[in-house]
Amino acid sequence: MALHPARPLRHALMAGLIWLCLTPAQADVYDDVQRLIKREEWPQAQALARQHLTNRAQDPQMRLLLSRIQQGLGQNDAATATLLELTQTFPELAEPHNNLAALYAQAGRYDDALASLNRAVQARPDYATALENLGDLHAALAKQAYDRASQAAPTSPRPRAKAQAIGQIQQADSR
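Going by mature numbering (1 follows the signal peptide of the UniProt record, and there is no 0), the letters in the sequence shown line up with residues -27 to -1, 1 to 148, in that order.
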């Protein structure tokens, strides 16, 4: 039996309508997870994110949200692993590199943080958050170096003055 040309079109239209109906539900799950994150309802957010990822394991947006949830739960090693996998699967996405850098810096892994921030900026040269974080990391490393120089040469006022200047910038930034 030959198909009438209208039937494939009708089937395509039906498939399109079904897809359109499902798309808002898809968007709702992201909104729901983000709402739970804002309320710091970490276990509920994690359950919803994991449920979504059972059917869409490679979803980069939900995996990124999962890493934020893991951080909120104090599971920094799990968040680091999630972000590391995400950066390997989707190296072109800047935000996972940036978030991974923040976790590395928090753990004192400054070389890894620097490398991750450079990858974030390489992926998206206009990513202001990563650029600012890169500047903050360089400033923190510079302050550490000036502090060490001040200890090595306690009579030299220059390293101490530079460390204090950077410290004031960092203090103003934390407000």
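All C-beta atoms in this analysis are idealised placements derived from N, C-alpha and C, irrespective of residue type, glycine included. These figures come from a predicted structure and were not determined experimentally.
Let me confirm a value: residue i is counted as buried when at least 16 other C-beta atoms fall within 10 Å, else exposed. Which label applies?
i: E68; result: buried
i: R36; result: buried
i: A75; result: buried
i: Q7; result: exposed
i: R29; result: exposed
Have a look at the options and flag the residue whose alpha-carbon is nearest the alpha-carbon of residue i.
i: N72; options: V6, A113 and A103; result: A103
i: T60; options: Q124, A52 and H70; result: H70
i: L57; options: L39, G45 and L46; result: L39
i: H25; options: Y77, G47, E13 and D5; result: D5
i: D84; options: I10, Q144, L114 and Q7; result: L114
i: G47; options: Q31, E14 and K135; result: E14
i: T53; options: R41, T62, P132 and K135; result: R41
i: A134; options: Q144, T55 and S123; result: S123
i: L66; options: Q43, L87, Y77 and N91; result: N91
i: R23; options: G108, K11 and Q43; result: Q43
i: G108; options: A126, P127, D146 and T128; result: D146
Between residue i and residue j, what straight-line distance do the alpha-carbon atoms span, to the nearest angstrom?
i: E105; j: A20; result: 33 Å
i: S89; j: D99; result: 15 Å
i: P16; j: Y3; result: 15 Å
i: G140; j: N49; result: 27 Å
i: P33; j: A112; result: 31 Å
i: A101; j: P130; result: 34 Å
i: L110; j: Q79; result: 11 Å
i: Q137; j: G81; result: 21 Å
i: Y77; j: T62; result: 19 Å
i: D1; j: I10; result: 14 Å
Whole beta strand (DSSP E) elements within the segment 36 to 110, 3-residue minimum: Whole beta strand (DSSP E) segments, 3+ residues: zero.
Validate contact between the segment 85 to 95 and the segment 115 to 131 using beta carbons, cut 8 Å, 3 pairs: no
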